[in-house]
Every structure is written in C-alpha cells, then in structure tokens.
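Numbering (UniProt numbering), first residue to last: 1 to 312.
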C-alpha cells in the first residue's frame, strides 16, 4: 500500500532534509543512524555479516519520493490525491502548453500588427492617390479657364488665373512626389523581404536534414532550365523563394534525367549476351550402369546382371 502524504507533511519533510543541524547529528535524529557509533559495546547490533538475511527483512528499501501520494482538499471540501510523479508530469505538461500558447500568442500579435500596418499604409496611399486625381482635375480645369481669358482684355483676371494655376500645379506635383517616395519605399521593403526569403531558402536547402545534395549555383541553373521546360517564364522562376517549390522542381529534374537515361539502359539490356541454357545432368539408370560394367569387363556374371536389369 502506498504511503499517503499531505502537502503540509511533504513541505515539513523537505524542510527537515534541508536543516544542517539535523544532518550533522541532531538529538532528534532517530537512533541507529548518526548516534550508532557511541552505543555501548554490549548493546551494539550484531555484525550484518553474521546474519545476512536479517538486515534485508527488518529494513526494507525506502520508497522513491516520486511514489509518495499527495493529498489536498479544495475550499469546497473536495479531496484529491495524486503521486508526486504524476504531479511533476502534469506540471511539465502545463509548462509546455503555457510556453507554446505564449509563443503562438506572440506570433499572432506580431502578424496582426503587420497586417494593421499594411492596411494603414494602403489606406494612406489610396487617400493620397485620390487627392492627386482631384488636384489633377483642378489643374486641367484651370488650364481650360485660362485658355478662355484674353490677357489683353482682362490682364488682371488672366494674371490671377495663372497664379492660381501655378499654385495648383505645385500642389499636384508635391502629391505626386510624395506618392512616388511611398512607392519606392514599398518597393525597397518588398525587395528586402524577397532577399531575406531567398537567403532563408538557400540556408534550408544547403544545410540540415532536409538539404538537397549539391545545392548551389550550378544546380539552381539546372532547376531554372527544368522550370522553363515545364512552361515557367524567367520572371516566374526568379520569384520562387519557397523551399517546397524548389524541392518539387528538383524531383522533376531527377525524374527527367532518369527518363532520358531509360532508352540507353534498355539498349544495353538488349545487347547483353543471353546466358546459355543449362542442361541438367540425369543420373544413369540401372540398365546403363549394367551395360557400362559389362563393356568394361565382359563376363557371364556381368551379362546376367545386364539381362536382369533389362527385364525389370
């Protein structure tokens, strides 16, 4: 029967095991351990060698700490009990689950943050693009109005319209320059992300358990040829960064190489000399043995043996 231990008892045992005074021979220490050396000569225990069976029967091996059963009671009065080993395993499972959950939450938050940033950038770009279209229509309308004003008949109106047109044109050009800067920044960001993905794919395909043997510049050129043979354009091939797609291309390349070698292998098989048919040696029967014996040494006895074998 397993010994049951409450949480309070377990804590008390751990505190006693950590007390240095008890470890050095505290008077509260049970007899027969640290104080056994000062027992009177007449009261000392017998030599264990005189009774080899006595010590094993009277002092059973102590149970492992993991086998101790912990009991506790909840505030609602519900009682539970579980071995220390099971509590340890449950704690480790909970720690692993907590770690994975926190990591997943961080990844989700990071992804949501990136999506939110991209959404805001798209909104800002769309708003700026709309403002540019509106400003461009204003410039065209002002240009049309100036064309209808006679600069000699109405020099003041003409000068005012030209000044308004210049301001509108300057504002339009500023919006266009801002959009161009934003577009260049996005292009640069996408290019950096593409280079990072390429670098990560190259590292995964060059080293590690899932590496492709001989992966390098020469193999990449062969993969590009294979991709073009399957109808991919050079632009499409230059944008591949997923290691899975590269492995598919590699398998396709190896398959095509095997298919190209198949006719040559079949020719070699057809040209190979066929093995001569093997004849199975049949052991001589009784008549043949008797005839051979008679031919080697003719005699009446050999003749009789031959005739007897022939009549069977």
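Cβ atoms here follow ideal geometry from the backbone N, Cα and C, with glycine treated the same way.
Just so you know, the alpha carbons of residue 114 and residue 108 end up roughly 10 angstroms apart. Under the three-state reduction of DSSP, residue 274 is assigned to coil, being neither helix nor strand.
Between residue 256 and residue 226, the gap from beta carbon to beta carbon is short of 8 angstroms. In the structure shown, the three-state DSSP call for residue 71 is strand.
Looking at the DSSP output, residue 83 shares a beta bridge with 69.
In the three-state reduction of the DSSP assignment, residue 138 falls in the helix class. For a cut-off of 8 angstroms, the C-beta gap from residue 165 to residue 132 is around 17 angstroms, too long to register as a contact. Leaving aside the five residues that flank residue 222 on each side, the residues in its chain whose CB is nearer than 8 angstroms to its CB run, in chain order, 253. Using a Cβ-Cβ distance cut-off of 8 angstroms, the segment 117 to 132 and the segment 173 to 192 are in contact, since at least three pairs of beta carbons, one from each stretch, lie closer than that value.
Under the DSSP assignment, residue 202 falls in the alpha helix (DSSP H) whose first and last residues are 155 to 206.
Going by DSSP, residue 228 is part of the alpha helix (DSSP H) stretching over 217 to 229. For residue 86 and residue 224, the gap between their C-alpha atoms comes out near 56 angstroms. Residue state for residue 234 is assigned as helix, using DSSP reduced to three classes. DSSP places residue 146 in the helix class (H, G or I) of the three-state scheme.
Residue range 286 to 296 is occupied by the alpha helix (DSSP H) that includes residue 289. Here residue 146 is near residue 162, since their CB atoms are less than 8 angstroms apart. If you check the CB distance, residue 309 and residue 286 come in under 8 angstroms.
In this structure, residue 244 lies away from residue 237, with their beta-carbon atoms at least 8 angstroms apart. Our two residues, residue 242 and residue 117, have alpha carbons roughly 24 angstroms apart in a direct line. By the CB criterion at 8 angstroms, residue 171 and residue 135 fall inside the cutoff. When secondary structure is reduced to three states using DSSP, residue 210 falls in the coil class, being assigned neither helix nor strand. Residue 167 holds the alpha-carbon nearest to the alpha-carbon of residue 143 among 266, 124, 167, 204. Its chain contains 204, 205 as the residues whose beta carbon lies nearer than 8 angstroms to that of residue 211, once the 5 sequence neighbours on both sides are disregarded; these appear in chain order.
Excluding its 5 nearest sequence neighbours in each direction, residue 97 has no C-beta neighbour in its own chain below 8 angstroms.
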